[in-house]
Amino acid sequence: MPAPASSPSLSGSPATQAPPVDPAQLEPLVAYDGDSIIADPRQRGNPALIALERMRRMVLASRAAGTRRTRDPQDLPTDPPPAVEFLPLACGDFILGRTACAIFLCTSYHRQFPAYVYEQAKRLGGSFDLRLLLVLCDSPNDTDILTELTRLAVNYRLTILLAETPDEVARILVTTRRTTLAMAGTTTLPLHYLTGPSAGGDHAGQDDDDDDLDDDPDAEGTGPAQRHTRRDPHAPDIVGFLLTVRGINRTDAQRLRRTFPTVQALAAASVADLQAVPGIGREKATRVREAFREPLWLPDTSADAGVM
1 MPAPASSPSL SGSPATQAPP VDPAQLEPLV AYDGDSIIAD PRQRGNPALI ALERMRRMVL
61 ASRAAGTRRT RDPQDLPTDP PPAVEFLPLA CGDFILGRTA CAIFLCTSYH RQFPAYVYEQ
121 AKRLGGSFDL RLLLVLCDSP NDTDILTELT RLAVNYRLTI LLAETPDEVA RILVTTRRTT
181 LAMAGTTTLP LHYLTGPSAG GDHAGQDDDD DDLDDDPDAE GTGPAQRHTR RDPHAPDIVG
241 FLLTVRGINR TDAQRLRRTF PTVQALAAAS VADLQAVPGI GREKATRVRE AFREPLWLPD
301 TSADAGVM
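Take the sequence shown: its letters are residues 1 to 308, numbered as in full-length UniProt numbering.
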């Protein structure tokens with residue numbers, strides 16, 4: 001069954017598609033002054049937003065009464081959560097800052113409309129640095145769904161976060177929004193996030209094929225370092241990752257990082273490319289290459305060990 005064009009809800013029934021909005025109407029709202037979370041109008045009625053608003057009112061009421069609860073069963077925050085503003089979005093369900101967005105999904109909804117989340121992930125294109133996939137686990141035996149969503153998150157550079165209740169989703173939204181505010185010190189949002197990729201902007205029209213591992217072998221320069229020069233936000237983590245490979249010391253890791261400045265370049269390197277790095281012999285090169293190709297889990301030996 002094809003996925004609907006609307007965002008998911010706990011009931012699994014699609015909401016009404018929001019009508020297109022004139023960009024001129026959105027212009028005054030692009031540089032709003034506040035810490036609000038921007039949500040697509042299709043998210044109206046989302047239980048997480050209802051929980052967030054309930055939390056906000058309780059904190060404001062507590063402040064108005066001049067009381068501060070030290071052991072509140074609701075675990076209320078000291079400051080009220082941000083409000084929510086509804087604006088038609090070109091991609092994602094929530095905008096949490098200039099470089100952060102979130103897609104919301106219930107596992108029960110995914111069972112009915114499995115194509116929906118793929119369409120949402122594809123619409124993101126190259127926009128945003130922090131791309132959250134917030135999954136509300138509201139159906140039994142959802143291990144197969146979580147396995148599928150984890151694979152999707154890897155393919156589309158999403159950070160998957162799981163929650164068991166709408167309140168947990170609300171707290172994730174609040175925490176992420178406040179963190180992005182503290183890091184950026186601004187609440188100005190690019191217009192094309194609101195009016196669609198056709199409006200232009202740095203990320204408009206980017207192709208999902210940017211993440212292909214095969215770069216042009218005929219590009220200027222003959223070494224792997226010349227063929228892989230694209231910046232990678234995860235580059236600082238490459239050294240730490242390489243140090244977990246047996247036989248690789250810090251000097252080796254730093255040389256590999258300088259030669260292969262992106263995770264993509266390192267993963268695509270052949271044993272011969274790796275051996276071209278000073279200090280990396282065939283054995284080390286083989287181990288590094290296998291680190292990208294071996295399973296991320298260990299075989300289950302509990303049965304052999306007699307563990308129940």
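No residue lacks a Cβ here, since even glycine has one placed at the ideal position from N, Cα and C.
Quiz item: What are the boundary residues of the beta strand (DSSP E) that includes Glu-85?
Solution: That run of the beta strand (DSSP E) goes 84 to 86.
Self-check item: Secondary structure of Thr-262, DSSP reduced to three states
Solution: In the structure shown, Thr-262 sits in coil (DSSP, three-state: anything other than H, G, I, E or B).
Quiz item: DSSP three-state call for Phe-241: helix, strand or coil?
Solution: In the structure shown, Phe-241 sits in a helix (DSSP, three-state: H, G or I).
Practice problem: Give the straight-line distance between the Cα atoms of Cys-137 and Ile-103, rounded to the nearest whole angstrom. | Solution: Looking at the two C-alpha atoms, the distance is approximately 14 Å.
Quiz item: How big is the Cα-Cα spacing for His-280 and Pro-261?
Solution: The question names His, yet the displayed sequence has Ile at residue 280. Going by the C-alpha atoms only, they are around 16 Å apart.
Quiz item: Where does the unbroken alpha helix (DSSP H) through Ile-145 begin, and where does it stop?
Solution: Membership of Ile-145 in the alpha helix (DSSP H) is indicated by the continuous run 143 to 155.
Quiz prompt | Residue closest to Leu-132, alpha-carbon to alpha-carbon, out of Leu-49, Leu-243, Thr-107, Asp-93 | solution = Here the closest residue by C-alpha is Asp-93.
Quiz item: Does the distance from the CB of Ala-267 to the CB of Phe-292 come in under 8 Å?
Solution: Note that the C-beta distance between Ala-267 and Phe-292 is below 8 Å.
Quiz item: Where DSSP assigns a beta bridge to Ala-100, which residues make up the other side?
Solution: According to DSSP, Ala-100 bridges with Gly-97, Leu-130.
Quiz item: Using DSSP with H/G/I as helix, E/B as strand and the rest coil, what is Ile-38?
Solution: In the three-state DSSP reduction, Ile-38 falls in the strand class (E or B).
Quiz item: Using the beta-carbon count (16 or more within 10 Å), is Gly-45 buried or exposed?
Solution: Gly-45 comes out exposed.
Quiz item: Does the region 100 to 116 come close enough to the region 52 to 66 to have 3 or more Cβ pairs within less than 8 Å?
Solution: No, they do not touch.
Exercise. Following the continuous beta strand (DSSP E) through Ile-160, name the residue where it begins and the one where it ends.
Key: Its beta strand (DSSP E) spans residues 159 to 163.
Practice problem: Return the residue from the list Leu-274, Pro-295, Pro-278, Glu-294 that minimises the CA-CA distance to Ala-285. | Solution: Out of Leu-274, Pro-295, Pro-278, Glu-294, Leu-274 has the C-alpha closest to the C-alpha of Ala-285.
Quiz prompt | Residues bridged to Val-135 [DSSP beta-bridge criterion] | solution = Per DSSP, the beta-bridge partners of Val-135 are Leu-105, Leu-162.
Exercise. Report, in whole angstroms, the separation of the C-beta atoms of Leu-256 and Thr-176, which I expect to be a contact under 8 Å.
Key: Incorrect: roughly 32 Å between the Cβ atoms, too far for contact.
Exercise. Rounded to whole angstroms, what's the CA-CA distance from Ser-127 to Ile-238? Just pull it up for me.
Key: The alpha-carbon atoms of Ser-127 and Ile-238 are separated by roughly 23 Å.
Practice problem: Report the option in Val-169, Pro-278, Pro-140 whose CA atom is closest to the CA atom of Arg-258. | Solution: Measuring from the Cα of Arg-258, the nearest candidate turns out to be Pro-278.
Quiz item: The alpha helix (DSSP H) with Gln-275 in it runs from where to where?
Solution: Counting along the chain, the alpha helix (DSSP H) containing Gln-275 begins and ends at 271 to 275.
Quiz item: Would Pro-73 be called buried (16 or more neighbouring beta carbons within 10 Å of its own) or exposed?
Solution: Below a pLDDT of 50, predicted positions are generally treated as unreliable, and Pro-73, at 42, falls in that range; no measurement from the model is reported.
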